[in-house]
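These protein sequences, in sequence, are chains P and E.
Basically our numbering = 1-based index in the first sequence + 9.
Basically our numbering = 1-based index in the second sequence + 9.
Think of the CB as a built atom: it goes at the ideal place given N, C-alpha and C, for glycine as much as any other residue.
Here's the structure we're looking at; comments come further down.
There are 2 protein chains.
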Amino acid sequence: MSTERYNQHILFSARPQGEIEPANFDLIDVPMPSLNTGEVLVEVHYLAVEPAMKGWMEARADYMAPLQIGDVMRGQGAGIVLQSQNPKFPTGTMVSGPLGWRRYLATDGRSIPLRAIPPSASLPAALNVLGITGLTAYFGMLDIGKPQMGSTVLVSGAGGATGSIAGQLARISGARVIGVAGGREKCDWLISDLGFDAAIDYKSENTAQRVLELCPDGLDVYFDNVGGDILDVALNNLAERARVVLCGGISRYNVSGPIAGPVNYFNLVYRRARMEGFIVLDYAERFPEAIEALLQHLDSGELRHRETILQGFEQLPQALINLFSGGNIGKQLVAVNT
Amino acid sequence: MSTERYNQHILFSARPQGEIEPANFDLIDVPMPSLNTGEVLVEVHYLAVEPAMKGWMEARADYMAPLQIGDVMRGQGAGIVLQSQNPKFPTGTMVSGPLGWRRYLATDGRSIPLRAIPPSASLPAALNVLGITGLTAYFGMLDIGKPQMGSTVLVSGAGGATGSIAGQLARISGARVIGVAGGREKCDWLISDLGFDAAIDYKSENTAQRVLELCPDGLDVYFDNVGGDILDVALNNLAERARVVLCGGISRYNVSGPIAGPVNYFNLVYRRARMEGFIVLDYAERFPEAIEALLQHLDSGELRHRETILQGFEQLPQALINLFSGGNIGKQLVAVNT
Chain P
10 MSTERYNQHI LFSARPQGEI EPANFDLIDV PMPSLNTGEV LVEVHYLAVE PAMKGWMEAR
70 ADYMAPLQIG DVMRGQGAGI VLQSQNPKFP TGTMVSGPLG WRRYLATDGR SIPLRAIPPS
130 ASLPAALNVL GITGLTAYFG MLDIGKPQMG STVLVSGAGG ATGSIAGQLA RISGARVIGV
190 AGGREKCDWL ISDLGFDAAI DYKSENTAQR VLELCPDGLD VYFDNVGGDI LDVALNNLAE
250 RARVVLCGGI SRYNVSGPIA GPVNYFNLVY RRARMEGFIV LDYAERFPEA IEALLQHLDS
310 GELRHRETIL QGFEQLPQAL INLFSGGNIG KQLVAVNT
Chain E
10 MSTERYNQHI LFSARPQGEI EPANFDLIDV PMPSLNTGEV LVEVHYLAVE PAMKGWMEAR
70 ADYMAPLQIG DVMRGQGAGI VLQSQNPKFP TGTMVSGPLG WRRYLATDGR SIPLRAIPPS
130 ASLPAALNVL GITGLTAYFG MLDIGKPQMG STVLVSGAGG ATGSIAGQLA RISGARVIGV
190 AGGREKCDWL ISDLGFDAAI DYKSENTAQR VLELCPDGLD VYFDNVGGDI LDVALNNLAE
250 RARVVLCGGI SRYNVSGPIA GPVNYFNLVY RRARMEGFIV LDYAERFPEA IEALLQHLDS
310 GELRHRETIL QGFEQLPQAL INLFSGGNIG KQLVAVNT
């Protein structure tokens, strides 16, 4: 680490027309923040990117305030408290929160809400399995999907951060879990490292055919991160009273103009099934319960996580763009100030 | 009524290619049935038609055995016990059940399950508000839709049998109810007779615009009988944690080939909402509870029903075809032997 500290921000500078481009952002030099009473200085070490950011950039997602041109790009980050005037976060504390795309920031821990990271956890874990990603997987799979012992569960985008954790949580619940992911490497990881029962490489296999073969009794839970064709395959293979958990729709996010809806939605009637969306922030009151459960699974070794890390603050736009070509395995992070 | 009794059946003779046609059926003369021990002779007075029949005819619906070519056409009916060797159903008992498209039939009441109609009810009511139609509205609206005091509820196909009852049940629950129906006559009926708060004539009004005006805070419940564009309008106007009840999709039933899915399904995520299908037969154990509640609402005058009745057994195919042009207000029945 360089001893010379300097600060930069990345601003959201233009709404994307179609795909996200580096030109949608501005990297600017800014002064190192100075501390007011009650504040801490955070040195950011990791920033996380996620597909939902595209919806924020397009002002399409309306469950939170839209990003305004000129805003510091919104995003989760984790870092270390370098200086502290706040007894809640002494110097050296590992913290995470919606730090934004900044190298350094000063906050009282409320204007930008900080959480102390458990000492047994790592900074990357705090942005992955113990962060919004893990919480999304936890509430989406367990509260909406409700896998039971012996359930058959299909997860799309299973090689990504949320999907890989959601699938493992279903496995821990006693379900049989099949992941859909792009490429052999991701599929091998799901089976060998994460204990998925099977994996379908949608890039080289016929997903509809493979789901039929692997799930002859149908799907009790489908956890959807992608939308599009795979959602339709799942809808065509629902078991009775199945739950379709709508977590994301990454196949939609890069399409401009009208996008086809799920042709097979009417199988929800024939199968007496349910398709349900959720926003993880609604579960804020139950985050502590979930973090505790996730920590226990981590400690027992039942739950694993993985990060794909790009080096360098200026790589943030590219890291975000990479998500949409499936370049990441597990959580895509960018390492900063290291 | 003619004193000369004769029996006829209508057989399902050919799967429809596109729309249902009279040529999909055969009217045949058959002998009057003779009674075996334990059986009753039922004179059918009304037979009901419903949109779901198209799915049975096409073997598209798979929640019950598909109709086979040559089967007596399946359908609910109501009639009078003319002769009885079964103490459960004495002569003169009003009965309903899946009688099929027959003028007369003999059954022990189990091979074709019969239910005695409460003496205070009429035969048409037994096929409408107290039959599968009313039960569908009851469980779909109350169990899946769950309207509350002050909820905003939109019902499509509101001029039809199920929609008109579902909307009234929501109103009785204290909800504000808006119906979508085709034509001024249906809309006036919804408001003046059934106590809907508003009605949208989708044939002469801009449904999207009207939903926006009438439901500025969004829909807590959307009870869908039609699918298609109106489903998409509803998905675009969901309140948080809304429930979309998938009851039917009549706009789909006459389309052959691929049918577009709901483009706006992803609003289920932004609105943390749910879209759920159901099959009323799954609730068989709770039918008595529902019938009792419906009878009470009828007796108190809070719940009204209406039937559109074609005269003559041979009119059954046409009555079924009429459903798809929205010719009926309330339940479409055919009067037989009267």
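- Message: Check for me: the alpha helix (DSSP H) holding HIS306(P) runs from which residue to which?
- Response: By one-based count along the first sequence, residue 306(P) stands at place 297. Here the alpha helix (DSSP H) through HIS306(P) covers 296-309.
- Message: Whole angstroms are fine: how far does the CA of SER309(E) sit from the CA of LYS155(E)?
- Response: Residue mapping note: residue 155(E) aligns to position 146 of the second sequence, counting from 1. Residue mapping note: residue 309(E) aligns to position 300 of the second sequence, counting from 1. So the two alpha carbons sit approximately 22 angstroms from each other.
- Query: Taking ILE19(E) as the reference, which of PRO127(E), VAL138(E), PRO31(E) and ARG193(E) has the closest Cα?
  - Reply: Here residue 19(E) is taken as the residue at index 10 of the second sequence, counted from 1. Considering only alpha carbons, the answer is PRO31(E).
- Task: Taking only beta carbons into account, state which residues of the stretch 254-279 of chain P come closer than 9 angstroms to chain E, listed in chain order.
- Result: Answer in chain order: LEU255, CYS256, GLY257, GLY258, ARG261, PRO267, ILE268, ALA269, GLY270, PRO271, VAL272, ASN273, TYR274, PHE275, ASN276, LEU277, VAL278 and TYR279.
- Closer than 8 angstroms, CB to CB, is GLY286(E) near chain P or not? Sequence index remark: in the second sequence, residue 286(E) carries index 277 (1-based). It does: the Cβ of GLY286(E) has a partner Cβ on chain P nearer than 8 angstroms.
- How many whole angstroms separate the CB atoms of VAL58(P) and LEU332(P), which I take to be in contact at a CB cut-off of 8 angstroms? What you label residue 58(P) is simply residue 49 of the first sequence in a count that begins at 1. What you label residue 332(P) is simply residue 323 of the first sequence in a count that begins at 1. Between LEU332(P) and VAL58(P) the Cβ distance is about 6 angstroms, and since that is below 8 angstroms, they are a contact.
- Top-ranked residue by Cα proximity to LEU139(P), from GLU298(P), GLN320(P), LEU303(P) and THR116(P): Mapped onto the first sequence, residue 139(P) falls at position 130. Of GLU298(P), GLN320(P), LEU303(P) and THR116(P), the residue nearest in Cα terms is LEU303(P).
- Message: Counting only Cβ pairs nearer than 9 angstroms, list the residues of chain E close to ARG281(P).
- Response: Working through the first sequence from its first residue, we reach residue 281(P) at position 272. Residues of chain E passing the Cβ test: TYR72, GLU285, GLY286, PHE287, ILE288 and ASP291.
- CB contact flag (GLY237(P), PRO60(P), <8 angstroms): Against the first sequence, residue 237(P) aligns to sequence position 228. Against the first sequence, residue 60(P) aligns to sequence position 51. Going by C-beta atoms, GLY237(P) is not nearer than 8 angstroms to PRO60(P).
- Going by beta carbon distance, what residues of the same chain come within less than 7 angstroms of GLU323(E), once the five residues before and after it are set aside? The residue given as residue 323(E) occupies position 314 in the second sequence. Excluding positions up to five away in sequence, the list reads LEU36.
- Take MET82(E) and list the residues in its own chain whose beta-carbon comes closer than 7 angstroms to its own, dropping the five residues that flank it on each side. Sequence index remark: in the second sequence, residue 82(E) carries index 73 (1-based). Contacts found: ILE19, LEU20, PHE21, PHE34, GLY109 and TRP110.
- Task: Decide yes or no for the touch test of the stretch 211-219 of chain P against the stretch 122-137 of chain P: beta carbon pairs closer than 8 angstroms, at least 3 of them.
- Result: Taking a contact to require three or more Cβ pairs closer than 8 angstroms, the stretch 211-219 of chain P and the stretch 122-137 of chain P do not qualify as touching.
- Query: Anyone know if the C-beta pair for LEU255(P) and ASP229(P) falls short of 8 angstroms?
  - Reply: Residue mapping note: residue 255(P) aligns to position 246 of the first sequence, counting from 1. Residue mapping note: residue 229(P) aligns to position 220 of the first sequence, counting from 1. No.
- Message: Below 8 angstroms, how does it come out for the stretch 270-277 of chain P and the stretch 267-285 of chain E: are there three or more Cβ pairs, yes or no?
- Response: yes
- Query: Where does TYR274(P) sit, in a helix, a strand or coil, going by DSSP?
  - Reply: Here residue 274(P) corresponds to residue number 265 of the first sequence, with the count starting at 1. Here TYR274(P) sits in helix by DSSP.
- Message: DSSP three-state label for GLY149(P), please.
- Response: On the first sequence, residue 149(P) is found 140 positions in, with the first residue counted as 1. Reduced to three states, the DSSP call for GLY149(P) is helix.
- Hey, does SER11(P) have any beta-carbon neighbour from chain E nearer than 8 angstroms? For the purposes of this step, residue 11(P) is taken as residue 2 along the first sequence, with counting starting at 1. Any answer about SER11(P) is weak, because its pLDDT of 49 lies below 50 and its placement is not dependable; what the coordinates show is given next. Judged by the 8 angstroms Cβ criterion, SER11(P) is not in contact with chain E.
- By Cβ distance below 6 angstroms, which residues in the same chain neighbour TYR147(P) in space, the five residues on each side in sequence not counted? In the first sequence, residue 147(P) corresponds to position 138, counting from 1. If we look at TYR147(P) and ignore the five residues flanking it on each side, its Cβ neighbours are ALA299.
- Query: Assuming GLY47(E) and ASN95(E) make a contact with CB atoms under 8 angstroms, what is their CB distance in whole Å?
  - Reply: In the second sequence, the residue the question calls residue 47(E) occupies position 38. In the second sequence, the residue the question calls residue 95(E) occupies position 86. Cβ atoms of GLY47(E) and ASN95(E) come within 8 angstroms of each other, at about 5 angstroms.
- Message: Just to check my reading of the structure: LEU114(P) and VAL51(P) have Cβ atoms closer than 8 angstroms, yes? What is that Cβ distance to the nearest angstrom?
- Response: For the purposes of this step, residue 114(P) is taken as residue 105 along the first sequence, with counting starting at 1. For the purposes of this step, residue 51(P) is taken as residue 42 along the first sequence, with counting starting at 1. Right, their Cβ atoms sit about 5 angstroms apart.
- Task: Name, in chain order, the residues that DSSP records as bridge partners for ASN16(E).
- Result: To locate residue 16(E), count along the second sequence from 1; it is residue 7. According to DSSP, which records beta bridges pairwise, ASN16(E) is partnered with VAL39(E).
- Item | Contacting residues, own chain, Cβ-Cβ under 6 angstroms from TYR279(P) (five flanking each side not counted) | Within the first sequence, numbered from 1, the residue matching residue 279(P) stands at position 270. Contacts found: none.
- Kindly indicate which residue of GLY192(E), GLN157(E), ASP226(E) and VAL345(E) has the alpha-carbon position closest to the one of GLY176(E). As a first step, residue 176(E) must be located in the second sequence, where it is residue number 167. It is GLN157(E) whose Cα lies nearest to the Cα of GLY176(E).
- Measure the C-alpha to C-alpha separation of SER11(P) and ILE174(P) and round it to an integer number of angstroms. As a working mapping, residue 11(P) is identified with position 2 in the first sequence. As a working mapping, residue 174(P) is identified with position 165 in the first sequence. With a pLDDT of 49 at SER11(P), under the threshold of 50, the modelled position of that residue is not reliable, and no figure is offered here.
- Under the three-state DSSP convention, the category ILE330(E) falls into: As a first step, residue 330(E) must be located in the second sequence, where it is residue number 321. Three-state result, ILE330(E): helix.
- Message: For GLU194(E), tell me which candidate among ASN346(E), ASN337(E), ALA23(E) and ALA344(E) has the shortest Cα-Cα distance.
- Response: Mapped onto the second sequence, residue 194(E) falls at position 185. Taking GLU194(E) as reference, the option from ASN346(E), ASN337(E), ALA23(E) and ALA344(E) with the minimal CA-CA separation is ASN337(E).
- Query: Mind checking SER43(P): buried by the 16 CB within 10 Å criterion, or exposed?
  - Reply: Residue numbering aside, residue 43(P) sits at position 34 when the first sequence is read from its first letter. Counting Cβ neighbours within 10 Å, SER43(P) comes out exposed, since fewer than 16 surround it.
- Delimiting residues of the beta strand (DSSP E) encompassing TYR55(P): Numbered from its first residue, the first sequence carries residue 55(P) at position 46. Going by DSSP, TYR55(P) is part of the beta strand (DSSP E) stretching over 49-57.
- Message: What does the Cβ neighbour count give for MET41(E), buried or exposed, with the cut at 16 atoms within 10 Å?
- Response: As a first step, residue 41(E) is located in the second sequence; it is residue number 32 there, counting from the start. That one is exposed.
- Item | Backbone CA spacing between LEU290(E) and THR145(E) [nearest angstrom] | Residue numbering aside, residue 290(E) sits at position 281 when the second sequence is read from its first letter. Residue numbering aside, residue 145(E) sits at position 136 when the second sequence is read from its first letter. Cα to Cα, LEU290(E) sits roughly 9 angstroms from THR145(E).
- Determine the DSSP secondary structure at ALA283(P), reduced to helix, strand or coil. Stepping through the first sequence from its first residue, residue 283(P) is reached at position 274. The question names Ala, but residue 283(P) in the sequence shown is Arg. Reduced to three states, the DSSP call for ARG283(P) is strand.
- Query: Thinking C-alpha only, which one of GLU67(E), ILE121(E) and ALA87(E) is nearest PRO25(E)?
  - Reply: For the purposes of this step, residue 25(E) is taken as the residue at position 16 of the second sequence. For the residues GLU67(E), ILE121(E) and ALA87(E), the minimum Cα distance to PRO25(E) belongs to GLU67(E).
- Item | Where the alpha helix (DSSP H) containing GLU222(E) begins and where it ends | Along the second sequence, read from residue 1 onward, the residue named residue 222(E) stands at position 213. Looking at the DSSP string, the run of the alpha helix (DSSP H) that includes GLU222(E) is 216-223.
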